[in-house]
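Let me begin by presenting the structure, written as structure tokens, before commenting on it.
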């Protein structure tokens with residue numbers, strides 16, 4: 002995971018919108034611009050226009066701006082069936098995108114669709130996007146998904162969000178800010194009122210932040226060395242306040258040891274058969290974001306034998322994994338906690354007949370371990386260990 006050992010701290014000084022997030026990240030990680038722009042081009046028809054990343058100065062602060070340059074004045078509008086959640090998701094799933102982009106972009110889009118479905122009390126497949134229906138919004142979802150996928154493994158913290166004030170124009174008339182979808186997506190997040198009115202956090206920006214933080218915001222960051230910062234500028238000019246979203250990138254590795262945070266789920270099950278549990282655990286282990294799953298045997302209430310499931314999950318995938326635990330098991334409750342972990346940097350060596358995992362220990366020596374799957378065809382334990390020693394040496 003490219004983001005392993007990195008921590009991203011987001012300061013929504015002016016607010017948070019999709020284009021501001023992308024611009025800030027590409028300012029901090031310019032090497033990701035080619036990937037993100039290529040992914041956007043894969044979903045954006047040439048006759049509509051193209052994405053542009055440009056230098057910008059926001060209230061004296063050097064930043065980047067990300068925007069759609071239209072081929073014609075009305076080329077950005079979309080209508081009818083193509084504005085549905087299903088149509089926009091299918092477009093992402095069928096496009097030729099970089100590894101992980103479609104999944105991350107669809108997860109961001111799904112958060113918006115869930116909120117809209119709840120706001121209007123309709124099934125999610127009937128959701129028509131209004132405020133985010135145009136090509137520039139789909140472009141933002143795609144580029145943000147590309148960046149999130151490229152930096153998988155990074156941890157994220159978020160400063161309190163600016164509340165804003167007044168009314169925002171929507172397809173259903175003027176509504177107070179934050180817009181209903183934004184407020185639903187960011188329930189449980191910290192907000193503050195800096196006295197500056199207007200819509201400060203958009204639904205797309207809210208969905209990106211929720212995806213990055215797994216729906217569980219963390220304001221503090223782990224210790225680390227500041228590597229760089231990046232600022233993404235919004236379109237609005239604010240009096241006395243730069244309209245930027247700033248990202249600060251920290252290296253959390255020290256002496257070859259990286260630090261990150263994961264969500265830990267735990268539940269006790271006493272009413273499932275071994276076959277049922279085995280099927281559920283196999284499905285859960287295969288899910289994106291599940292780092293580890295442990296099964297422990299114990300004794301529960303009424304002296305019943307129980308199986309405890311403990312899962313370590315990347316924060317951005319926590320909601321999806323929790324939903325699957327409830328769908329695949331009989332548990333009615335799931336304990337959740339945030340755990341910090343230390344990780345040694347490792348790399349995969351594919352140069353020989355067997356894949357090997359190499360890690361450098363804090364003392365300076367290197368350890369090598371053969372991938373277990375590559376030893377699966379060994380006929381005996383002796384043969385397995387002999388082949389492993391030969392390859393590790």
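In the working numbering, the protein residues as written are 2 to 394.
Cβ atoms here follow ideal geometry from the backbone N, Cα and C, with glycine treated the same way.
Fair warning: this is a prediction, and the values are worked out from it, not measured in the lab.
Problem set entry | Length-filtered (4 minimum) alpha helix (DSSP H) runs lying within the segment 90–147 | Listed in chain order, they are 102–121.
Exercise. Of the residues 360, 355, 32, which one's Cα is nearest the Cα of residue 375?
Worked result: Selected option, being the one with the closest Cα: 355.
Problem set entry | Closest residue to residue 173 among 253, 121, 379 (Cα-Cα distance) | Nearest of 253, 121, 379 to residue 173, Cα basis: 121.
Exercise. From this set, 92, 106, 101, 149, which residue's C-alpha is nearest residue 9's C-alpha?
Worked result: Selected option, being the one with the closest Cα: 149.
Exercise. So, using beta-carbon positions, are residue 235 and residue 12 closer together than 9 Å?
Worked result: No. Outside cutoff.
Problem set entry | Entirely enclosed alpha helix (DSSP H) segments - the segment 16–65, minimum 4 residues | Look at the segment 16–65 and you find these whole runs of alpha helix (DSSP H), each 4 residues long or longer: 19–29, 34–44.
For this session: From the DSSP output, in three-state form, read off residue 382 for me.
Result: Collapsing the DSSP output to three states places residue 382 in a helix.
Exercise. For residue 204, which of helix, strand or coil comes out of DSSP?
Worked result: In the three-state reduction of the DSSP assignment, residue 204 falls in the helix class, which pools H, G and I.
For this session: Assess, as a yes-or-no matter, whether the segment 326–344 is touched by the segment 261–273 under the definition of 3 or more beta carbon pairs within less than 8 Å.
Result: Per the Cβ contact rule, the segment 261–273 is in contact with the segment 326–344 (3 or more Cβ pairs under 8 Å).
For this session: Put residue 166 into one of helix, strand or coil per three-state DSSP.
Result: Residue state, collapsed to three classes: strand.
Exercise. If you check the beta carbons only, do residue 44 and residue 93 fall under 9 Å apart?
Worked result: Contact annotation: residue 44 and residue 93 have beta-carbon atoms nearer than 9 Å.
Exercise. Going by the beta-carbon positions, is the gap between residue 297 and residue 308 smaller than 9 Å?
Worked result: In this structure, residue 297 lies near residue 308, with their beta-carbon atoms less than 9 Å apart.
For this session: Would you check if there are 3 or more beta carbon pairs closer than 8 Å linking the segment 190–197 to the segment 156–165?
Result: Counting Cβ pairs under 8 Å, three or more are found: they touch.
For this session: Taking 9 Å as the cut-off, decide whether the C-beta atoms of residue 233 and residue 247 are in contact.
Result: Cβ atoms of residue 233 and residue 247: closer than 9 Å.
Exercise. Using DSSP with H/G/I as helix, E/B as strand and the rest coil, what is residue 188?
Worked result: If DSSP states are grouped into helix, strand and coil, residue 188 belongs with coil.
For this session: Please confirm whether residue 345 and residue 152 have their CB atoms less than 9 Å apart.
Result: Cβ atoms of residue 345 and residue 152: not closer than 9 Å.
For this session: Identify, in the order they occur along the chain, each residue of the same chain with its Cβ nearer than 7 Å to the Cβ of residue 18, setting aside the five sequence neighbours on each side.
Result: In chain order, 203, 205, 206, 235 place their CB closer than 7 Å to the CB of residue 18, counting only its own chain and leaving out the 5 sequence neighbours on each side.
Problem set entry | Bridge partner(s) assigned by DSSP for residue 250 | By DSSP's assignment, residue 250 forms a beta bridge with 9, 229.
Problem set entry | Residues bridged to residue 156 [DSSP beta-bridge criterion] | Beta-bridge pairing links residue 156 to 8.
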